Each structure stands twice: as C-alpha cells, then as structure tokens.
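The listed protein sequences derive, respectively, from chains A and B. Sequential numbering from 1 applies to the first sequence in the working numbering. Sequential numbering from 1 applies to the second sequence in the working numbering. This report refers to the structure that appears directly beneath it.
2 protein chains.
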Amino acid sequence: MSKEKEKKLVEAITPMDEDFAQWYTDVVKKAELVDYASVRGCMVIRPYGYAIWENIQKNLDAMFKETGHENVYMPMFIPESLLQKEADHVEGFAPEVAWVTHGGNQELTERLCVRPTSETLFCDHYSKIIQSYKDLPKLYNQWCSVVRWEKTTRPFLRTTEFLWQEGHTAHATAEEAQEETIKMLNVYARLCEEYLAIPVVKGRKTDKEKFAGAEATYTIESLMHDGKALQCGTSHNFGDGFAKAFNIQYADKNGKLQYVHQTSWGMTTRLIGALIMVHGDDSGLVLPPKIAPTQLMIIPIAQHKAGVLEKAAEIKDTLSKVARVKMDNSDKMPGWKFSEYEMKGIPLRLEIGPKDIENNQAVLVRRDNREKIVVSLEELESKVPEILEDIQRSLLEKARTAQITKTSIAANMEEFNKILDSKLGFVKAMWCGDRACEDSIKEAAGATSRCMPFEQESVADTCVCCGKPAKKLVYWGRAY
Amino acid sequence: MSKEKEKKLVEAITPMDEDFAQWYTDVVKKAELVDYASVRGCMVIRPYGYAIWENIQKNLDAMFKETGHENVYMPMFIPESLLQKEADHVEGFAPEVAWVTHGGNQELTERLCVRPTSETLFCDHYSKIIQSYKDLPKLYNQWCSVVRWEKTTRPFLRTTEFLWQEGHTAHATAEEAQEETIKMLNVYARLCEEYLAIPVVKGRKTDKEKFAGAEATYTIESLMHDGKALQCGTSHNFGDGFAKAFNIQYADKNGKLQYVHQTSWGMTTRLIGALIMVHGDDSGLVLPPKIAPTQLMIIPIAQHKAGVLEKAAEIKDTLSKVARVKMDNSDKMPGWKFSEYEMKGIPLRLEIGPKDIENNQAVLVRRDNREKIVVSLEELESKVPEILEDIQRSLLEKARTAQITKTSIAANMEEFNKILDSKLGFVKAMWCGDRACEDSIKEAAGATSRCMPFEQESVADTCVCCGKPAKKLVYWGRAY
Numbered sequence: 001m002s003k004e005k006e007k008k009l010v011e012a013i014t015p016m017d018e019d020f021a022q023w024y025t026d027v028v029k030k031a032e033l034v035d036y037a038s039v040r041g042c043m044v045i046r047p048y049g050y051a052i053w054e055n056i057q058k059n060l061d062a063m064f065k066e067t068g069h070e071n072v073y074m075p076m077f078i079p080e081s082l083l084q085k086e087a088d089h090v091e092g093f094a095p096e097v098a099w100v101t102h103g104g105n106q107e108l109t110e111r112l113c114v115r116p117t118s119e120t121l122f123c124d125h126y127s128k129i130i131q132s133y134k135d136l137p138k139l140y141n142q143w144c145s146v147v148r149w150e151k152t153t154r155p156f157l158r159t160t161e162f163l164w165q166e167g168h169t170a171h172a173t174a175e176e177a178q179e180e181t182i183k184m185l186n187v188y189a190r191l192c193e194e195y196l197a198i199p200v201v202k203g204r205k206t207d208k209e210k211f212a213g214a215e216a217t218y219t220i221e222s223l224m225h226d227g228k229a230l231q232c233g234t235s236h237n238f239g240d241g242f243a244k245a246f247n248i249q250y251a252d253k254n255g256k257l258q259y260v261h262q263t264s265w266g267m268t269t270r271l272i273g274a275l276i277m278v279h280g281d282d283s284g285l286v287l288p289p290k291i292a293p294t295q296l297m298i299i300p301i302a303q304h305k306a307g308v309l310e311k312a313a314e315i316k317d318t319l320s321k322v323a324r325v326k327m328d329n330s331d332k333m334p335g336w337k338f339s340e341y342e343m344k345g346i347p348l349r350l351e352i353g354p355k356d357i358e359n360n361q362a363v364l365v366r367r368d369n370r371e372k373i374v375v376s377l378e379e380l381e382s383k384v385p386e387i388l389e390d391i392q393r394s395l396l397e398k399a400r401t402a403q404i405t406k407t408s409i410a411a412n413m414e415e416f417n418k419i420l421d422s423k424l425g426f427v428k429a430m431w432c433g434d435r436a437c438e439d440s441i442k443e444a445a446g447a448t449s450r451c452m453p454f455e456q457e458s459v460a461d462t463c464v465c466c467g468k469p470a471k472k473l474v475y476w477g478r479a480y
Numbered sequence: 001m002s003k004e005k006e007k008k009l010v011e012a013i014t015p016m017d018e019d020f021a022q023w024y025t026d027v028v029k030k031a032e033l034v035d036y037a038s039v040r041g042c043m044v045i046r047p048y049g050y051a052i053w054e055n056i057q058k059n060l061d062a063m064f065k066e067t068g069h070e071n072v073y074m075p076m077f078i079p080e081s082l083l084q085k086e087a088d089h090v091e092g093f094a095p096e097v098a099w100v101t102h103g104g105n106q107e108l109t110e111r112l113c114v115r116p117t118s119e120t121l122f123c124d125h126y127s128k129i130i131q132s133y134k135d136l137p138k139l140y141n142q143w144c145s146v147v148r149w150e151k152t153t154r155p156f157l158r159t160t161e162f163l164w165q166e167g168h169t170a171h172a173t174a175e176e177a178q179e180e181t182i183k184m185l186n187v188y189a190r191l192c193e194e195y196l197a198i199p200v201v202k203g204r205k206t207d208k209e210k211f212a213g214a215e216a217t218y219t220i221e222s223l224m225h226d227g228k229a230l231q232c233g234t235s236h237n238f239g240d241g242f243a244k245a246f247n248i249q250y251a252d253k254n255g256k257l258q259y260v261h262q263t264s265w266g267m268t269t270r271l272i273g274a275l276i277m278v279h280g281d282d283s284g285l286v287l288p289p290k291i292a293p294t295q296l297m298i299i300p301i302a303q304h305k306a307g308v309l310e311k312a313a314e315i316k317d318t319l320s321k322v323a324r325v326k327m328d329n330s331d332k333m334p335g336w337k338f339s340e341y342e343m344k345g346i347p348l349r350l351e352i353g354p355k356d357i358e359n360n361q362a363v364l365v366r367r368d369n370r371e372k373i374v375v376s377l378e379e380l381e382s383k384v385p386e387i388l389e390d391i392q393r394s395l396l397e398k399a400r401t402a403q404i405t406k407t408s409i410a411a412n413m414e415e416f417n418k419i420l421d422s423k424l425g426f427v428k429a430m431w432c433g434d435r436a437c438e439d440s441i442k443e444a445a446g447a448t449s450r451c452m453p454f455e456q457e458s459v460a461d462t463c464v465c466c467g468k469p470a471k472k473l474v475y476w477g478r479a480y
C-alpha cells in the first residue's frame, strides 16, 4: 500500500471537535466494533467489539459471584397479562415493546412481548419458589439481550436490541433490600472506575427519572468527552410493590406470611459507548489495559531481514506470560499497522527491528500519550506490566480531571444556561424537590436531573429554578 | 424432619423402569434444574441447571478459541425478506418461527421473525465484510437463544426457546469448508466423551434428515438409558449455496471473483437432557465430575459436637485447592442432605463426624456406584482428585457398555422390528440409499435413520427394507 493511501486511512476519521457524533460513528465502524444490521436499530457486534464485552462480562460476573449471586435464564417472552400485573411497570414499558402475535402459522390467543426487562418473569418465578424465610434471600442474575422499540438509535448507546445483565433479588426485610441496592451500585462503580477507568458520580434518581415500578432508583453517571452525561448503570429498590402485585410471600420464623422486598439492577453494552467517548481521540479508540482484548501488539520492523521474526516471536512468548499479546507479521507496511492498532485502541505497541536487536532493545509506544519508551530486552517482562498499570491509572486520572473541569455550579437559571451554552458538562445546582422545576429546566436548558449525589453539599440556599428553599443538590446535564 | 418424611422425599421419584418419561420430569424438577414458565414450551433455567450450562459453555468456548474462532453477536430478529433468500432454508424454518408484527404501538411494514437459527444474518453480514481472499477464512461463533415454535415440548429436549451456540464460517475453498465441518464435529464429540462422559457415534445424515439448506449434515448420536437416540450436535457443510443466494464473493489472488464456501454447527441446552438420561438413576441425577458445578459436598455428622464444624471447614479449605467443594452445615438431618445431593448428582460426598475425627479419617461416598471409601485426613488432598477422575472414567465406560449392549444388527425388517419391540437401541442395518425405504422404515418401525457412520461395515449385502443391493450401513433408532 502506498504512503498516500496509508495517510488517507488515518485521515478518514472526522476530528472530534469538528463533529463529535460523526467521530463516534467513524470510530465504531473503523475500529470494527459493530456493523449495521438489516433490522432497524439493531447492531451486529463484531469480534473486536464482542471481545470487549466478554471482558466486561467476565469481570462483572466474577464480582456477582463473589457477592453470592447465581446466574439463571428466564424466557425471552412475556405474556401480555403478566406484563400488566404491576401498574407503573406496564405503563413505563408497554409503549416500547415488540409484540409477537404469531407462532408457526397460527395466531396466538395472547400476544407475547419480547422482554424489555424481566421483573415480571422473575416475580412470577419467585411467587412459586419462595415459601419460607429459609428460602431467602434469592440473589439471581441473568445475562441476555432485551428489546426496546426506540425511535432514534445509535450503536451501543441506544439500540433496539442490546446485551445486558439484570440482577433480581428478593429479601426478607426492607433493610436488606436497601443494602443490596446500594451494594450492587457500588459493584457497578467499582467496575467503571477500576476496570473501565471511567469516574462516576453515585446518587439517587428523582421520582421523575426513576425506573417504572421502583420505589427508588440509584445511578452512576459519567461525563463523555463532549460534556454530555451518560447513565452507566442503575440499581432499583422495589420495596414490596412487585411482591404485592405478584403475591410473593414467605412464612417468617413465627409462621406469619410476609411480603418479600425486591431489587433489580442492570448494566448494558452501552458501557462500550462510554469507553469510546471517555477515552477516545482523533486517532480512534483508547482502551484501558484491564479491559483491552489485546494489551500489547508486536510489530516487527523490516521483518524480511534475518532474525527479526524469530526475535519478535521469542518476545511474544515471553510477554504472553504477563500480558495479552499479539503479533502482526502480515505483509502490510508498519505505518499502516500503527494506524490500525491505534484505531483499535491497543494500549501498547512494541516495535522490534534489526537495529533494536543489535542494541538488545525494543521500542514501546503508549497509545494514551504516545510516549516512546526504549527498553532492554531483559527488562521487557518486568516493564510491560508496570507500563500497562500506569496507562490504566493515567486514563482514570485524566478522565477524572476532565470530569472536574467540566463540572460547574449554578445558583440561578442565568448561570445554568450560560454554562450549558458555553461548554456543557455537569451542572451542580440546588433543587426544591418539585417536579415542575425539573420539567421547566428540561424545557429551558434541555438538561435533565442526572442524580441527587450521595455526597450532598449546599451550593446555594434556594432552588436554581423557582427560588424556593432548596432541598437537594442535584447534578444536571444533557444526556445520551 | 422425621425419618419417614425423609424416606418419602427419596421415594418421590418415579422409578425409571416404571415410567421413564415421568422419571425424567421428576429429576428435572427435584434436582431444581428448571421450572416451567408462563409461556407455553419455555423454561426457567434455575441456578443449578444454569451452572451446568455455564460449565459446558466454558469448556466448549475454550475449544472454539483454541481452534481460532471468534465470538460475535447478531440481532435476534430476521426480516421476512432476508429469511426467504435461500429457498430450502426458508421452507425448513418458516413453519416454526415466531413472528413480531408490532413494535411499540405501530404495526411493522415488514414482519420480523425471532431467529430460529442465524445463517441468513451471518450471510448478510459476510456479504458486506468479505471482499478479498485476505479476509478469509471467517471463523465466527455466537452464544444466544433461539426460538422454534414446537408443538410438543419437554424441558431441555425440545423447548420453544433454547440456549445454544451457532458457529458460522466462510472459506475460500470447498476443501477447507469440508475440513472445518469435520473438525467441529470432532470438537463436539470430544466435549461429549471427555467432559460429559457420553459416548457418541459420528456420521453423516441422510438427505432426508439433513439441515434445511445444507449440502451435507454431520451428526453425533448418543443413546439414552431407555434406548432412544438423541442427536447431540450437528455440523453442516453448505457448499456455496448460501453464498450464491446472498452473493458472498471474494477476489482471489488473481483478482477473479469466487463464491465462498460455508459451514455452520450447533450444540444446545439439550445436552443437559442427555446428561440426565445417560447417567441418571432412581435416586436422581449423576453428574460427571468435569461438568459438575459442585464436585464434592461435605456433610458434617453430629455437627453440634465440639470440633466437628471446625474440622469440616478445615477440610473444605484444603480440598478447595483440588476440587469444586461445598459444605452443608444447615440444620437439616444428614439423611435428608444425602438424598438432596444424590438427587443433584454431586459426584462425591464427604462425611466427617466425631468418630472420624477420633480416627483421623473421613468417609467418601461415590454417587455413581455408592462405594464408601475411608480415607485418612492426610491423604484426602491426593485421593479426592484420583477418585473424581475414576468416576469420570467409569461413567464413560459404563455408558459405552450400555451403548454396545443396546446396539444390534438387523438383516431384514422382521429382525429390525423384533429388536425395537423388545428393547429399543441402535439398529445397524444396510440401506439402498432410497428415500422410499427410509419413509417406509419410519412408517413400519417408528425409527429414523440416525446417521451413516464414518466407520462403515458391511453387515449384509442387501437393503434391510427393499432387498436391493446395499449402499451404506446406517444407524437407525427411535429418537428424542
């Protein structure tokens, strides 16, 4: 391939500052994460995108098991009558579900919806298997796909079908349910910060923004590079609302029947969208080492020269003990390979050519800050894990700094609008607790309440919107 | 719990010789593998059933990755027009699919079927991403659920929705596609024999029994305890039929356009049904150690006595290094625990009580043959893995013997019917190659051709049905 063609490949992404949405679409396609499918709003998750999901899944699933949860599988269909059992829930979901009306060549006597979420199925099952306090708690999780008939869709961020996990638990007491709700929110926060290097704000959703059927919804919110907010995961406390609708009762130690208290919590493939928009740059994806399918790519230089491929293979064997390593010895030009793996966000590149071999060294290039590090061959095995750890730490730090920079305080709507007009980001502002003010902020500034953070401060005495006495600090923002 | 009640629990399973179908249903329910769902023919896979599936998945997925396959995810919906692109395929599947006709509150302009299998989606994707010989082979796999609108259903064996994996590959040449087809059949056979301890017969399906759209279907067939056959996995060579229907072409080294050659292969949750029906007995499930979620269950005896629980916990810690171990120190009576874990098919039970501690020993009880083995505490760590390996080996051996015992040879239809009337099992008999004979054997004996085994022998000169010259040895049987 000619130098010019190679250059074109690199230039083919829209710069983020020019058109962030187009940049996102370009990265998603060029890094070969997804392809569009023949069904509106659905995506084909390609091997590289799916490998990222597998890593997210593996780490999250291990945390679920550590905290005593078990995986199960519920049917993908929900009979219409079952979906209707909890009033708020059906009101929230019925308008956006896909309906199966025919099976084989027969019209069904009752329509089935493709699960948009599975509370109703878990409740139906729990009502059959829970009899005594000895059966509690039930700590179940399910990995599956769900369908919500969205009007406008974007890969990973909002798709008609998406992959997720949904935890559903049943407890003897309200206290235990609340403890579980917060415990799983913390598991989510840990996944985001420790593995995805995405800092999050933890808090509670307002009643307007809570899950259909929940008593309280908790959320972790993050900021993307363009200053828009993204909800990364939610955890819901249902109280005994579903238990009453589905008659899930247990006999307590005195033989008295009690309703269970339930929770649910979910995280989705949208996290891959967050990874792209928090860490990516104009050369493409940037992946945190802990979640990268390949952590280090070896690129032999002048590989036709004697000894180069042998040495590269030797290095690959050595480094495979300490990292996820691949080598590209295809006949593409090194420059082309550099661009390709930068686009794919591989954290570290190792270059090894005849001169390096002569000098008993290799060149490492970090994806995050492009730093070149010359390392002697003996030191590679100890240096690579250190550098990977440093990349992981730096990415989180950089994202945390960006989040702080993009977080502002507003005392009134004038300040509020000024912030969102100039740079977007989180706006911290006081709220009186009235739905009317939330509606009016959405109307005026296009911003929604992201959460009432656990770490409450008083940044003003009065509601940013109506001027009445303030009750809560709220994070506001325009959101994906 | 009283002794009598405990006895009842054990007796509550129908003996297999009395009513095999009822025995199966009893095991599936009492071992807590599944629960019935509110949707006809669908199942709730409970934690214990799902943990078995996770073990199957983990081992099979590792073999896929070893052989160079990558996981992807395709949408669960197929537009009707896409399903119709390959004529044989649509004819085979259209009568048994579920149709989505409404999304949100709108009627769709084109019906979508819920995938019964995903050839059409993979082909659609391949037609977009394959351009050159450099893009080949594509070795993709997907873990998901599929839906087929079955009339009569049974947990694991035949359900409206089931979990599976489906591999879909594209190759430059017919030879490579054929090699892949057989390679993956061998992977399946290895999973069955090495992990599930289920011996299989490998062979090719007749044209009547092959997959809709395939040039050739290969299968692994096993025999259940009742003598009925079960297809455990299939691997299909599509030739270039789908490539022509979906226009999947690549430029070869000379720049000439060529059609790709494709394969697909699948294994499902039905394997759990096979595990039950090959190894189970009148006390319930019997699991091969390699696939058992828990390999050894520790049951403290007289656990209120000083030192018992401490010693049991100590043993648990030691054995956890060499096996998947759990301890049940609940307040149920030991006899009840014995029955429960026999029902769940846990390969080994360890009993430890005050007298054992005095004698510095523990009692191991094998699930497969009920052998009691007294082992000194020092030897436990080395003995347990040995015994687990022996159980794994014995189960395969026992199943192999059963299969040989239940395999007979028939030279004519009189012998054929006599065999199936007396004991069921595989009938080895010659076939002329005519569809008419297959149909007539099905009519007369209720048996289908299971496969033309790779290991061909000549057990007669003439077709078992029509008496014309024989072309192939076929395994016949009544099947699930």
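Where a beta carbon is used, it is the ideal one built from N, C-alpha and C, also for glycine. The structure displayed is predicted, hence computed values, not measured ones.
Neighbourhood of residue i by C-beta distance below 6 Å, restricted to the same chain and skipping five residues each side
{"i": "leucine 157 of chain B", "result": "Arg270, Gly273, Tyr480"}
{"i": "alanine 12 of chain B", "result": "none"}
Test: residue i CB closer than 8 Å to a CB of chain A
{"i": "aspartate 282 of chain B", "result": "no"}
{"i": "proline 116 of chain B", "result": "no"}
{"i": "isoleucine 130 of chain B", "result": "no"}
{"i": "cysteine 432 of chain B", "result": "no"}
{"i": "tryptophan 23 of chain B", "result": "no"}
Residue i Cβ short of 7 Å to the ligand FAD heavy atom set
{"i": "aspartate 390 of chain B", "result": "In the structure shown, the ligand FAD is absent, as is every other ligand, since no ligand is present at all."}
Below-8 Å beta-carbon distance, residue i vs any chain B residue
{"i": "tryptophan 149 of chain A", "result": "yes"}
{"i": "alanine 12 of chain A", "result": "no"}
{"i": "phenylalanine 20 of chain A", "result": "no"}
{"i": "arginine 481 of chain A", "result": "Any answer about residue 481 of chain A is impossible in this case: the structure gives chain A only from 1 up to 480."}
{"i": "cysteine 465 of chain A", "result": "no"}
{"i": "isoleucine 56 of chain A", "result": "no"}
{"i": "valine 260 of chain A", "result": "no"}
{"i": "tryptophan 265 of chain A", "result": "no"}
{"i": "cysteine 437 of chain A", "result": "no"}
Contacting residues, own chain, Cβ-Cβ under 8 Å from residue i (five flanking each side not counted)
{"i": "phenylalanine 238 of chain A", "result": "Glu119, Ala177, Gly213, Ala214, Glu215, His261, Gln262, Thr263, Ser264"}
{"i": "valine 34 of chain B", "result": "Val28, Met43, Val44, Ile45, Arg46, Gly49, Pro155, Phe156"}
{"i": "alanine 131 of chain A", "result": "Correcting the residue identity first, residue 131 of chain A is glutamine in this sequence and not alanine. Correct list, in chain order: Tyr250, Ala251."}
{"i": "tryptophan 53 of chain A", "result": "Ile45, Leu163, Thr269, Ile272"}
Beta-bridge partners of residue i, as assigned by DSSP
{"i": "tyrosine 73 of chain A", "result": "B/Ile45"}
{"i": "leucine 319 of chain B", "result": "Paired residues: none, contrary to the question."}
Own chain partners of residue i with C-beta closer than 7 Å, once the 5 adjacent residues on each side are dropped
{"i": "tyrosine 259 of chain B", "result": "Asp240, Ala243, Lys244, Ile248, Gln249"}
{"i": "lysine 468 of chain A", "result": "Cys432, Thr462"}
For the segment 263–270 of chain A against the segment 320–327 of chain A, are there 3 or more C-beta pairs whose distance is under 8 Å? Between the segment 263–270 of chain A and the segment 320–327 of chain A there are fewer than three inter-stretch CB-CB distances shorter than 8 Å, so the stretches are not counted as touching.
Beta carbons nearer than 7 Å to chain A: which residues of the segment 214–241 of chain B have them? Listed by position along the chain: nothing, the set is empty.
Does the segment 230–250 of chain A come within contact of the segment 81–99 of chain A, defined as at least 3 CB pairs closer than 8 Å? Short answer: they touch.
For the pair the segment 425–444 of chain A and the segment 464–474 of chain A, tell me if three or more CB-CB distances fall below 8 Å. The segment 425–444 of chain A makes contact with the segment 464–474 of chain A: 3 or more CB pairs, one atom from each, lie closer than 8 Å.
Which residues, in chain order, does the segment 363–389 of chain B contribute to contact with chain A at a C-beta distance below 9 Å? Correct list: empty, as no residue qualifies.
Can you confirm whether the segment 416–423 of chain B touches the segment 378–390 of chain B when touching is taken to mean that 3 or more C-beta pairs between the two stretches lie within less than 8 Å? Contact fails: fewer than three Cβ-Cβ distances are below 8 Å.
Examine the Cβ distances between the segment 143–153 of chain A and the segment 88–98 of chain A and report whether three or more of them are shorter than 8 Å. Touching, yes.
For the segment 248–259 of chain B against the segment 329–337 of chain B, are there 3 or more C-beta pairs whose distance is under 8 Å? No, the segment 248–259 of chain B is not in contact with the segment 329–337 of chain B.
Contact list for the segment 103–115 of chain B against chain A, Cβ threshold 9 Å: Residues Gly103, Gly104, Asn105, Gln106, Leu108, Arg111, Leu112, Val114.
Near-chain A residues of the segment 161–182 of chain B (beta-carbon distance less than 7 Å), N- to C-terminal order: Residues Glu161, Leu163.
Taking Cβ-Cβ distances below 7 Å as the criterion, which residues of the segment 68–83 of chain B are in contact with chain A? Shown in chain order are the members of the segment 68–83 of chain B whose Cβ falls below 7 Å from a Cβ of chain A: Glu70, Asn71, Val72, Tyr73, Met74, Pro75, Met76, Phe77, Pro79, Leu82.
Taking contact to mean 3 or more Cβ pairs, one atom from each stretch, closer than 8 Å, check whether the segment 128–139 of chain B and the segment 217–235 of chain B are in contact. Counting Cβ pairs under 8 Å, fewer than three are found: no touch.
Taking only beta carbons into account, state which residues of the segment 289–303 of chain B come closer than 7 Å to chain A, listed in chain order. Cβ contacts with chain A: none found.
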